[in-house]
Amino acid sequence: MNRFEEKLAAHGLPLRRAGLQTLQINVGRKCNQACRHCHVDAAPWRTEMVGEATARRIGAWIERHRPPIVDITGGAPEISEFFRYFVETARGAGCRVLDRNNLTIIEEPGHEDLPNYLAAHDVEVIASLPCYSAANVNQQRGQGVFEKSITALKKLNAVGYGTTRPLHLVYNPLGASLPGPQAELEADYKEALARDFGIVFSGLYCVTNQPIARFAEDLRKQGQWDEYFDLLANSFNSATVEGLMCRTTLSVGYQGELYDCDFNQMLDLRLKNGAPLFLWDVTPEALENRSILTGMHCLACTAGGGSSCTGALNTMENATSLHDA
């Protein structure tokens, strides 16, 4: 029993899959950035990407089972040659489509038409902007990223994102701390971005940094590994468990393999039925009530206000750092 499972047991909380709401497709690890907090360990030099045969099988599954939401992520998902195939296949099947966009991809050669393309296909944009301060963003994501992100947001605003089309921003703490209260941070973001740049957006998602890949390396180098897990465990919030994304999300890797969430995917905690399962091996109904694979990293999703791909899970959101724990 891992530390997360001990918390569940202490509160008498089972954790099993409910009905499928979101099919999240990770198209691969290639990205035009190499962010310090990235749990995918994505970067420009990564080569792992979905191939045509796998993409077509995923597309066929979407057409057959029509999940309510198709969430496309990466890396920078737009780099995939099959990104637009997934968008158009899912929209054709009547699914809501989410694009997890890092903003700077819009400024890359060959991607200039992305705002118009996304708007034309009614794709909802979830965009990474870990702070409204240039210094903090550039420290976490690289020099010049903030400026490119602001330019990209203005282009998204120009085609209706943030007003007539959904545009959500994603906040990550800079270091080993929990996010502050989501509603308060959202108000700060909206005030600062409107005042300084004339930018509007729909809402803010606060996401706790996962102790995986590069962020895990940083914790170990700084001697904060144990302290961070103590912070997560001591901030466990039982009210977040019912809303955990692993209950209603199915994560698909670039080879079609299955996981309970994108974090489990990065740790290779694969769904199995004797042998590892692929998307085309299952139906949504067959997954219901299935036990969810967990690890110590799951504490990040239940700390404070909770954390998911759509932000905080509970209104009890306590901003805590290692210095406060």
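Residues 52 to 376 (the numbering used here) are what the sequence shown spells out, left to right.
Beta carbons: idealized from backbone N, C-alpha and C, even for Gly.
Return the Cβ separation of residue i and residue j in integer angstroms, given the expectation that the two are a contact with Cβ distance under 8 Å.
| i | j | result |
| --- | --- | --- |
| Thr202 | Glu158 | 6 Å |
| Leu283 | Leu350 | 4 Å |
| Thr299 | Gln75 | The Cβ separation is near 11 Å, so there is no contact. |
| Arg108 | Gly307 | 6 Å |
| Leu71 | Pro128 | Rounded, the Cβ-Cβ distance is 20 Å, inconsistent with contact. |
| Tyr279 | Tyr240 | Tyr279 to Tyr240, Cβ: 25 Å. No contact. |
| Arg142 | Asp122 | With a Cβ gap of about 13 Å, Arg142 and Asp122 do not count as contacting. |
| Leu318 | His348 | 7 Å |
| Ala363 | Gln233 | 4 Å |
| Trp112 | Leu330 | 5 Å |
| Gly346 | Phe55 | 7 Å |
Specify, as a first and last residue, the run of the beta strand (DSSP E) that residue i falls within.
| i | result |
| --- | --- |
| Glu175 | 175-179 |
| Ile120 | 120-124 |
| Thr42 | Nothing about residue 42 can be read from this structure; the chain reaches only from 52 to 376. |
| Leu149 | 147-152 |
| Thr105 | That residue, Thr105, is in no beta strand (DSSP E); its alpha helix (DSSP H) goes 103-116. |
| Tyr256 | 254-257 |
| Leu220 | 218-222 |
Please list, in chain order, all residues of the same chain as residue i whose beta carbon is under 8 Å from its beta carbon, the five residues on each side excluded.
| i | result |
| --- | --- |
| His374 | For His374, the pLDDT reaches just 35, beneath the cut-off of 50, and the residue's location in the model is therefore unreliable, leaving the point undetermined. |
| Ile120 | Gln72, Thr73, Leu74, Cys146, Arg147, Val148, Leu149 |
| Glu99 | Gly79, Arg80, Lys81, Tyr305 |
| Asn365 | Asn288, Ala290, Thr291, Gly294, Gly356, Gly357 |
| Glu336 | none |
| Ala370 | Because the pLDDT at Ala370 is just 37, under 50, the model does not fix this residue reliably, and the value given afterwards should be weighed accordingly. Around Ala370: Ser228, Leu229, Pro230, Gly231, Pro232, Gly355. |
On a CA-only basis, which of the options is nearest residue i? Give me that one, please.
| i | options | result |
| --- | --- | --- |
| Ala354 | Ile120, Ala227, Asn77, Gly126 | Ala227 |
| Ala209 | Phe314, Pro181, Gly249 | Gly249 |
| Thr334 | Leu344, Tyr256, Leu309 | Leu309 |
| Gly356 | Gly294, Glu336, Phe329, Pro327 | Gly294 |
| Cys266 | Val101, His219, Leu225 | According to the sequence as given, residue 266 is Phe; it is not Cys. Residue Leu225 is the option with its Cα nearest to Phe266. |
| Gly161 | Phe137, Glu132, Val174 | Glu132 |
| Val176 | Leu218, Asp164, Tyr279 | Leu218 |
| Ser359 | Tyr136, Asp247, Tyr256, Lys205 | Tyr256 |
| Cys352 | Glu99, Leu220, Lys323, Asp313 | Asp313 |
| Asn83 | Val174, Cys297, Asn153, Ala178 | Asn153 |
| Gly254 | Ser179, Ala111, Gln275 | Ser179 |
| Lys205 | Gln233, Ala238, Glu163 | Glu163 |
| Thr214 | Phe252, Pro230, Ala170, Asp247 | Phe252 |
| Tyr212 | Met296, Ala238, Asn285, Asn167 | Asn167 |
| Leu338 | His116, Pro262, Gln275 | His116 |
| Met296 | Leu244, Ala326, Leu344, Asp332 | Leu344 |
Leaving out five residues on either side along the sequence, give the residues of the same chain with a beta carbon under 7 Å from the beta carbon of residue i.
| i | result |
| --- | --- |
| Arg341 | Arg67, Arg68 |
| Met367 | At Met367, the pLDDT of 47 sits below 50, so the modelled position is not reliable; the number obtained from the coordinates is stated separately. The answer, listed in chain order, is Asn288, Ala290, Gly356. |
| Glu114 | Thr140, Ala144 |
| Leu64 | Ser289, Val292 |
| Gln316 | Asn77, Ser302, Gly304, Tyr310 |
| Leu169 | Asp150, Val176 |
| Thr361 | Tyr256 |
| Tyr136 | Ala106, Gly110 |
What are the start and end residues of the alpha helix (DSSP H) that includes residue i?
| i | result |
| --- | --- |
| Ser200 | 196-209 |
| Tyr136 | 134-143 |
| Leu282 | 276-285 |
| Leu301 | First-last for Leu301: 300-303, but that is the beta strand (DSSP E), not the alpha helix (DSSP H). |
| Met317 | 313-317 |
| Asn167 | 165-171 |
| Ala127 | Segment: none, Ala127 is in no alpha helix (DSSP H) and carries neither H nor E. |
| Leu328 | From DSSP, Leu328 is part of no alpha helix (DSSP H); its letter is neither H nor E. |
| Glu339 | Run containing Glu339: none; DSSP gives neither H nor E here. |
| Leu59 | 54-61 |
| Arg246 | 233-248 |
| Asp269 | 264-272 |
Excluding the 5 residues preceding and the 5 following residue i in the sequence, name in chain order all residues of the same chain whose CB lies nearer than 6 Å to its CB.
| i | result |
| --- | --- |
| His62 | Ser289 |
| Asn223 | His88, Pro181, Val258, Asn260 |
| Ile130 | Lys81 |
| Lys199 | Thr155, Glu158 |
| Ser372 | Bear in mind that a pLDDT of 35 at Ser372, under 50, signals an unreliable position, so the number given afterwards is only what the model happens to contain. Cβ neighbours of Ser372 beyond the five flanking positions: Ser228. |
| Lys58 | Phe287 |
| Gly126 | Gly79, Arg80, Lys81, Cys82, Ala93 |
| His172 | Val138, Arg142 |
| Met52 | none |
| Leu244 | Tyr183, Ile250 |
So, is the C-beta of residue i closer than 7 Å to a C-beta in chain D?
| i | result |
| --- | --- |
| Ser342 | No chain D appears in this structure, which consists of one protein chain only. |
Should residue i be counted as a contact of the ligand GDP given a C-beta to heavy atom distance under 6 Å?
| i | result |
| --- | --- |
| Lys323 | Absence of the ligand GDP is noted for the structure shown, with no ligands found whatsoever. |
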